[in-house]
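Read through the structure below, which is laid out as C-alpha cells, and then see the notes.
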C-alpha cells in the first residue's frame, strides 16, 4: 500500500472537517466536525508510524484519542451551559465580543 | 511490499493477492468514509449527523487495522463509537428544543467555507504528492499491544502522565462548568 493513499484520505477528511466547522451553526455539530479533524490527524500518525516501522505514531494516536475525549467533555459542558443561559446553541448568535 | 501477518496466515493468498485485497478494502472504506463525512457536514438532521459520524469513525478504525495498528483500532471503537458518540447523542438530546434542524450559515458563507476547505485540501494534497510520491507502507507484521504499552511506559512516560493530568483537569472542568447552582 502506498503511504500517500492514507495521507490523502486524511487530507480529504480534514478538509471536510474544516468545512463543517465553518459552515455549521449548531454547537454540537461544530464539535463533531472537530472530531473529524482529530481523526484525520490520527490516520496520519498511524500511517507514518507504519511507514517508519515504529510504534511512536500509534502511541501518539492514543494520546490524541484521550485528548479528544477530554475536549468533547469540556466542549459539551460549555454547549449545555450556553443552552441553559440562552435557550439556544446557535453559534452565530454569540456575538457580544464583536467589535 | 509484504502483506500483513494476519493476511499471510491465510496461505491461499500470495503476497500480491493480499496486497490487492488490502487495496480493495482500503478503497471501499475510503469511499464510504468520505461519503459519510460529506453527509455529516451537510445533513439537516442533527441525529443523522451523529450516526454518519459513527460510520466515519468505524472507517477510521478499519484503516487502523489495515495499517496493522490493532490496539489503536480497538481503542478507537471503544472510546469513539462507544463513549464519545453516546456523549454527542446526549448533548443533542439535552439541547434538542433549540435546534431541531441545523440549516447552516447563509449560502454565501457556506460557499466561502467550501472554498476554504478546497484550498486546504489542495495545498495539503500538492505537498503530500510532492513529498511522498511512491513511498510504501513497509510494515512486516502488525504491532502488538505489548510493544505499544512498553513504548508508552518507557519512552513516552512523561506525555502519558501529562495526558492523565489533562483528563483529570478536563473532568473537573466539565463538572464545574455544567453543574447547576
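Residue numbers (the numbering used here), protein chains in the order written: chain B, 1 to 99; chain E, 100 to 280.
Note that beta-carbon positions come from the ideal geometry of N, C-alpha and C, so glycine has one too.
Among the options, the one whose alpha carbon lies nearest that of residue i
i	options	result
residue 231(E)	26(B), 44(B) and 14(B)	44(B)
residue 74(B)	85(B), 6(B) and 28(B)	28(B)
residue 24(B)	124(E), 138(E) and 123(E)	138(E)
residue 206(E)	134(E), 141(E) and 129(E)	141(E)
residue 8(B)	98(B), 47(B) and 79(B)	47(B)
residue 133(E)	157(E), 259(E), 118(E) and 279(E)	157(E)
residue 26(B)	131(E), 146(E) and 121(E)	146(E)
residue 16(B)	135(E), 128(E), 118(E) and 123(E)	135(E)
residue 122(E)	21(B), 1(B) and 64(B)	1(B)
residue 70(B)	253(E), 144(E) and 266(E)	266(E)
residue 181(E)	65(B), 92(B) and 97(B)	65(B)
residue 19(B)	204(E), 264(E) and 261(E)	204(E)
DSSP-derived helix/strand/coil call for residue i
i	result
residue 82(B)	helix
residue 90(B)	strand
residue 242(E)	strand
residue 54(B)	coil
residue 237(E)	coil
residue 100(E)	Confidence at residue 100(E) is low in this model, with a pLDDT of 46, below 50, so the placement of that residue should be treated as unreliable; the coordinate-derived value is given next. Here residue 100(E) sits in coil by DSSP.
Enclosing alpha helix (DSSP H) for residue i [first to last residue]
i	result
residue 263(E)	256-277
residue 5(B)	3-23
residue 208(E)	206-230
residue 98(B)	Premise fails: residue 98(B) is in no alpha helix (DSSP H) and is neither H nor E.
residue 139(E)	114-141
residue 187(E)	184-193
residue 170(E)	169-174
residue 320(E)	With chain E covering 100 to 280 only, the question about residue 320(E) has no answer from this structure.
Residue i: CB within 6 Å of a non-hydrogen atom of the ligand SAM
i	result
residue 189(E)	Of the ligands one can find in the structure shown there are none, so the ligand SAM has no counterpart to examine.
7 Å Cβ cutoff met for residue i and residue j
i	j	result
residue 72(B)	residue 191(E)	no
residue 77(B)	residue 277(E)	yes
residue 178(E)	residue 160(E)	no
residue 4(B)	residue 166(E)	no
residue 14(B)	residue 40(B)	yes
residue 67(B)	residue 247(E)	no
residue 251(E)	residue 259(E)	yes
residue 225(E)	residue 11(B)	no
residue 194(E)	residue 89(B)	yes
Neighbouring residues, chain A, relative to residue i (Cβ below 8 Å)
i	result
residue 93(B)	Any reference to chain A falls outside this structure, whose protein chains are B and E.
- [ ] Count the CB pairs spanning the stretch 163-171 of chain E and the stretch 58-74 of chain B that are closer than 8 Å, and state whether there are at least three.
- [x] Yes, the stretch 163-171 of chain E is in contact with the stretch 58-74 of chain B.
Open item on the list: I want to know whether the stretch 30-40 of chain B touches the stretch 214-223 of chain E - three or more CB-CB distances under 8 Å.
Closed with: With fewer than three CB-CB distances shorter than 8 Å, the stretch 30-40 of chain B does not count as touching the stretch 214-223 of chain E.
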